[in-house]
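Taking this note's numbering, the leading residue of the sequence shown gets 9, the next gets one more, and so forth. Each residue gets a CB set at the ideal place from its N, CA and C atoms; glycine is no exception.
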Amino acid sequence: MVAKFIAHGKTEIIIEGNIIVIRSIGPWNIEYFEGLHQDILSAVSQVDINNYVVLLLPISEAICVAEAFEYHVDFLKQGNAKAIAVNLIGSEVPNITKDLCQKAYAQADLNFQFFYSDESAKAWLQHQLA
């Protein structure tokens, strides 16, 4: 029997046109990602499924356990976001967060960039939507 834990991490998702903004407070475990995936699927149903992008705002200790990482990569491979912008300004461990995201998004074959402001991230995302 596998023990279930409470979700570590919190999420707020806002839709801005065809940009899904995910504010995600870490650290994260697999139970967190289970809920996050449901929230993302709900958000995707509110945008143009063929033309949307994601702005990720990792906050605090933006890191995850190994089992959660692989679980999330498998989920990402099933999506069709045109691009993901990651604003690292809120991460307490930006280099680790960047390494994790870079590895995950590369494995999922996603178009991604890193930023330190919402404005520059959203400008890049709007260009990806065009």
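First through last residue of the beta strand (DSSP E) which encompasses residue i
i, result
"N95", "92-95"
"A70", "61-72"
Coarse secondary structure for residue i, derived from DSSP in three states
i, result
"S99", "strand"
"A131", "helix"
"V29", "strand"
"I104", "helix"
"I14", "coil"
Of the residues the options, the one placed nearest residue i, counting alpha carbons only
i, options, result
"K18", "Y79, A112, L65", "L65"
"L63", "I22, D117, K106", "I22"
"P102", "V29, P35, E39", "P35"
For residue j and residue i, the rounded distance between their alpha carbons
i, j, result
"G4", "A138", "Outside the shown range of the chain (9 to 138) lies residue 4, about which nothing can therefore be said."
"I71", "V52", "24 Å"
Burial state of residue i, where buried means 16 or more other Cβ atoms lie within 10 Å
i, result
"L96", "buried"
"I28", "buried"
"M9", "With a pLDDT of 42 at M9, under the threshold of 50, the modelled position of this residue cannot be trusted; read the value that follows with caution. By the 10 Å Cβ count, M9 comes out exposed."
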